[in-house]
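Below you'll find the structure, written out as structure tokens, and then a few comments.
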Amino acid sequence: MPARDVPPINAHANVPLSAGATVSQYDDVWLVIPAYNEGQVIAGVVEDARKTFPHIVVVDDGSTDDSAEHIATTGAHLVRHPVNLGQGAALQTGLKYALAQPGARYFATFDADGQHQTADVEKMVEVLRRDEADVVLGSRFIEQNGQVPWIKRVVLRTAAAVSPTARKLKLTDAHNGLRVLSRKAAEQLNITMNGMAHASEIVGFLAASDLRVAEVPVDILYTEYSRAKGQSLINGVNIVFDITMRERDR
Amino acid sequence: MKYFWIQLLLIAGSLSMALVFIRTWGQAKNRAWKRIAFSVFVVVNVYAVLRPTDVTWLAHKLGVGRGTDLVLYVMVLAMGFLTLNTFLRFRSLEKKITDLARTVALNEGARHNDERLGKPEEGADSGSAKVKA
Chain A
190 MPARDVPPIN AHANVPLSAG ATVSQYDDVW LVIPAYNEGQ VIAGVVEDAR KTFPHIVVVD
250 DGSTDDSAEH IATTGAHLVR HPVNLGQGAA LQTGLKYALA QPGARYFATF DADGQHQTAD
310 VEKMVEVLRR DEADVVLGSR FIEQNGQVPW IKRVVLRTAA AVSPTARKLK LTDAHNGLRV
370 LSRKAAEQLN ITMNGMAHAS EIVGFLAASD LRVAEVPVDI LYTEYSRAKG QSLINGVNIV
430 FDITMRERDR
Chain B
-13 MKYFWIQLLL IAGSLSMALV FIRTWGQAKN RAWKRIAFSV FVVVNVYAVL RPTDVTWLAH
47 KLGVGRGTDL VLYVMVLAMG FLTLNTFLRF RSLEKKITDL ARTVALNEGA RHNDERLGKP
107 EEGADSGSAK VKA
């Protein structure tokens, strides 16, 4: 990996939020939501997000439940993988779809299980609008919000601390699903890790690129549902293995 | 020092083969070598079955006790490479399936969403907003 110096900007809170946001204000923002068997909650999450962000593409990653029918009842665009490929692949598909839409300038990756909040996306888009960064990542750890279960906190902080790429970018949270990319960044990004290793892959890509990366504190809602659907920590073993083997078949 | 030669052989063999194997994965030359290696493997197998004493002789030369032990070690090596080979093959297949599925998903998605939500209302060039997969 070529070593280039990326000046990190840690854009902390205090992002002014314009009150009374109108729908058209976020006409140039596209939310990319990967969904796999999220039929229970997906329609609610999408409709809630659409109150702020009119443009949403949901990638149904070959769900075996009725996710697609629920998504079709919403005003979001729907793209369906014919077979299940994994979250990384779904994100890449969604980004590719959003990039082709007219007027799209900012691209946010957003979780389907309702743990992310649109207010955080608004903060992150503001950072991009002020041209302070090309990519804004959500972090659970800039401000201690006490919502992250402690064992998860220890593992995730350790992952960020030992990952050479995350250290280089001075990231505090290398595995947060909430990100906003400028068009320039989204066009360069090419996620090849289909599974959950894509988070590390994205951080690695950012470190190797000359894109400006900022972190913004976000609140994650660890609901009963998202806890049950979320990644177990043992899956970290799979992620490490995937990353180790990733360059081998180029 | 008793096991020096067999240890050197097995470790150096596995390391260098792994390196060459990973570096040249997917090239035609690599495929050819795999086929040659397989043919040699079959011939050696037949020979070993017909003349087990020769294998024992070779094992003694290398510092391994018995011929069967030598065969076992070689099997372990072969097994390792088979696993690696399969893994890399699956990875490359997965990439192809991903590209294929993405192309299908984007084409279908663009068509369905145009019908379902109406075309994007940004003037005349909205029709050209096709997803290039």
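Read top to bottom, the protein sequences are chains A and B. Converting from the first sequence to this note's numbering requires adding 189 to each position, the first position being numbered 1. Numbering follows this note's numbering, in which position 122 of the second sequence is assigned residue number 108; successive positions increment by one, without gaps. By construction, the Cβ of each residue, glycine as well, lies at the ideal position given by its N, Cα and C atoms.
Spatial distance of residue i from residue j (CA atoms)
i: A238 of chain A; j: M382 of chain A; result: 27 Å
i: G104 of chain B; j: H364 of chain A; result: 36 Å
i: D431 of chain A; j: I423 of chain A; result: 14 Å
i: P191 of chain A; j: E390 of chain A; result: Because the pLDDT of P191 of chain A is 45, which lies under 50, any placement of that residue in the model is unreliable, and the question is left without a value.
i: A257 of chain A; j: A87 of chain B; result: 16 Å
i: F141 of chain B; j: V26 of chain B; result: Residue 141 of chain B is absent from the model: chain B starts at -13 and stops at 119.
i: G(-1) of chain B; j: V272 of chain A; result: 40 Å
i: T54 of chain B; j: K15 of chain B; result: 32 Å
i: H387 of chain A; j: G228 of chain A; result: 23 Å
i: A23 of chain B; j: L(-5) of chain B; result: 17 Å
i: R318 of chain A; j: T361 of chain A; result: 23 Å
i: V212 of chain A; j: A293 of chain A; result: Because the pLDDT at V212 of chain A is just 46, under 50, the model does not fix this residue reliably, and the value given afterwards should be weighed accordingly. Those two C-alpha atoms are separated by around 15 Å.
i: I5 of chain B; j: W19 of chain B; result: The sequence shown places Leu at residue 5 of chain B, not Ile. Computed Cα separation, rounded: 14 Å.
i: L1 of chain B; j: F67 of chain B; result: 11 Å
i: L284 of chain A; j: G275 of chain A; result: 15 Å
i: W43 of chain B; j: I(-3) of chain B; result: 21 Å
i: D194 of chain A; j: I428 of chain A; result: Its pLDDT being 45, under 50, D194 of chain A is placed unreliably by the model, and nothing is read from it.
i: A200 of chain A; j: M313 of chain A; result: A caution first: A200 of chain A carries a pLDDT of 40, below 50, which makes its placement in the model too unreliable to give a value.
i: V218 of chain A; j: A64 of chain B; result: 53 Å
i: E311 of chain A; j: R9 of chain B; result: 45 Å
i: A96 of chain B; j: N71 of chain B; result: 38 Å
i: Q281 of chain A; j: M385 of chain A; result: 13 Å
i: F330 of chain A; j: Y414 of chain A; result: 22 Å
i: E94 of chain B; j: M3 of chain B; result: 45 Å
i: E80 of chain B; j: V268 of chain A; result: 20 Å
i: L220 of chain A; j: H305 of chain A; result: 12 Å
i: K45 of chain B; j: T347 of chain A; result: Reading off the sequence shown, one finds Ala at residue 45 of chain B, where the question assumed Lys. The alpha-carbon atoms of A45 of chain B and T347 of chain A are separated by roughly 48 Å.
i: V226 of chain A; j: F73 of chain B; result: It should be noted that the sequence gives Asn, not Val, for residue 226 of chain A. When rounded, the distance between both Cα atoms is 28 Å.
i: R37 of chain B; j: V30 of chain B; result: 10 Å
i: L378 of chain A; j: D85 of chain B; result: 15 Å
i: R17 of chain B; j: A261 of chain A; result: 47 Å
i: S78 of chain B; j: T39 of chain B; result: 43 Å
i: V28 of chain B; j: M61 of chain B; result: 12 Å
Integer-rounded CB distance, given that residue j should sit under 8 Å from residue i
i: G366 of chain A; j: T298 of chain A; result: 6 Å
i: A301 of chain A; j: L358 of chain A; result: Their Cβ separation, rounded to whole angstroms, is 26 Å, which puts A301 of chain A and L358 of chain A out of contact at 8 Å.
Residues of its chain near residue i, where Cβ-Cβ distance is below 6 Å and the 5 sequence neighbours each way are ignored
i: R102 of chain B; result: none
i: R368 of chain A; result: T298 and L326
i: L370 of chain A; result: F296 and V324
i: L400 of chain A; result: D323, V324 and A374
i: A34 of chain B; result: V41
Cβ shell of residue i (< 8 Å), same chain only, five flanking positions each side left out
i: G209 of chain A; result: Its pLDDT being 42, under 50, G209 of chain A is placed unreliably in this model, and the value from its coordinates should be taken loosely. Excluding sequence neighbours, G209 of chain A sits near nothing in its chain.
i: L288 of chain A; result: F296, R372, A375 and E376
i: G233 of chain A; result: G303
Residue j beta carbon less than 8 Å from that of residue i
i: A224 of chain A; j: V248 of chain A; result: yes
i: G277 of chain A; j: I380 of chain A; result: yes
i: F242 of chain A; j: T307 of chain A; result: yes
i: H270 of chain A; j: A279 of chain A; result: yes
i: V235 of chain A; j: T253 of chain A; result: no
i: G51 of chain B; j: W(-9) of chain B; result: no
i: V57 of chain B; j: V32 of chain B; result: no
i: Y286 of chain A; j: L92 of chain B; result: yes
i: S328 of chain A; j: V407 of chain A; result: yes
i: V303 of chain A; j: V405 of chain A; result: Inspection of the sequence shows that residue 303 of chain A is occupied by Gly rather than by Val. No.
i: Q290 of chain A; j: H259 of chain A; result: no
Any non-hydrogen atom of the ligand SAH closer than 7 Å to residue i Cβ
i: Q306 of chain A; result: The ligand SAH is absent from the structure shown, which contains no ligand whatsoever.
Residues near residue i by beta carbon distance below 7 Å, same chain, minus five either side
i: I198 of chain A; result: Annotation note: pLDDT 44 at I198 of chain A (below 50); position unreliable, coordinate value reported separately. The residues are E321, A322, R401 and A403.
Quick one: complete beta strand (DSSP E) runs, 3+ long, within the segment 355 to 419 of chain A? 368 to 371 and 402 to 406
Which ranges would you report for the alpha helix (DSSP H) in the segment 35 to 115 of chain B if only whole runs of at least 4 residues count? 38 to 48 and 53 to 103
Unbroken stretches of the alpha helix (DSSP H), 4 residues or longer, contained in the segment 245 to 289 of chain A: 256 to 261 and 276 to 288
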